[in-house]
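A.B. asks: Here's a structure for you.
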Amino acid sequence: MPPSIILDPTRINTDRIVADVKAIEAINPHRHGMRMVDAIVYVDEVEHIIAGYKDCRPDEFWAAGHMPGFPIFPGVLMVEAAAQLASYHYIVYGKLYEGGYLGLGGIEGARFRAPVRPGDRLMLVGKGIKIDRRRMEFEVQGYVGSTMAFNLNVIGLPIPGQKKPVAHFAEACANA
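Residues in the sequence shown are numbered consecutively from 16, following the working numbering.
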């Protein structure tokens, strides 16, 4: 049975960009084929809800090899997209952790419910469950249109000793 919907994905205005690729890359270190969030389009700082999307393109590295003739966005990359969405919220809106990176600390209750294919927009909706200086946990749901493609809880932990090389970290947080 699918979980309760955090936020109806069909009612999110994807034309209202809160953070574009440049702003996301100022916070999250992922680049090239490993950046899994193309835009942040909704943030509720009080309820710790965030929404963004990834446009799955046919020219991405996974499309040719992840089931030739029937390409499907890999579940592990859905997990990565969920983690990147949650990480962005934690760093920018949690204002609890500065100067480094978050690492994937765990995944709980992952369910993959529908395929995501090249040409699809994967809408990501997350809600903070636990947010403190030592860790974050978010419930994240992914949708194609109104169909839930996956849901899971993702846990992130600060990576000790890592310093963020982005010179404009504080500026990016202030502008979010």
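Heads up, the beta-carbon is just placed ideally off N, CA and C, and yes, glycines get one too.
Give me the Cα-Cα distance between L137 and Y68, rounded to the nearest whole angstrom.
C.D. replies: 5 Å
A.B. asks: Where K37 and M16 are concerned, what is the direct C-alpha to C-alpha distance, given to the nearest angstrom?
C.D. replies: 37 Å
A.B. asks: According to DSSP, simplified to helix, strand and coil, what is L22?
C.D. replies: coil
A.B. asks: Using CA coordinates, which residue listed in W77, R50, I64, H81 is at the minimum distance from E152?
C.D. replies: I64
A.B. asks: Got a sec? Which residues, its chain only, sit under 8 Å from R31 by beta carbon, not counting five neighbours each side?
C.D. replies: Counting only Cβ-Cβ distances below 8 Å, and skipping sequence neighbours, we find V56, Y57.
A.B. asks: Cα-Cα, which of A34, E60, C71 is closest to M49?
C.D. replies: C71
A.B. asks: Rounded to whole angstroms, what's the CA-CA distance from E40 to A79? Just pull it up for me.
C.D. replies: 26 Å
A.B. asks: Which first and last residues belong to the beta strand (DSSP E) in which V140 is found?
C.D. replies: 136-147
A.B. asks: Since V52 and L100 are thought to touch, with beta carbons under 8 Å apart, how far apart are those beta carbons, to the nearest angstrom?
C.D. replies: 6 Å
A.B. asks: With H, G and I counted as helix, E and B as strand and the rest as coil, what does DSSP make of A66?
C.D. replies: strand
A.B. asks: Does DSSP put G120 in a helix, a strand or coil?
C.D. replies: strand
A.B. asks: On the DSSP bridge assignment, give the partners of I170 in chain order.
C.D. replies: G121, E152
A.B. asks: Does M163 come out as helix, strand or coil in the three-state DSSP assignment?
C.D. replies: strand
A.B. asks: To the nearest angstrom, how far is the alpha carbon of H47 from that of A96?
C.D. replies: 14 Å
A.B. asks: Could you give the C-beta distance for E167 and E123, rounded to a whole number, given that I count them as a contact under 8 Å?
C.D. replies: One point to set straight first is that residue 167 is Leu, not Glu, in the sequence displayed. With a Cβ gap of about 7 Å, L167 and E123 count as contacting.
A.B. asks: For E75, which residues of its own chain have a beta-carbon under 7 Å away from its beta-carbon, when the five flanking residues on both sides are left out?
C.D. replies: G48
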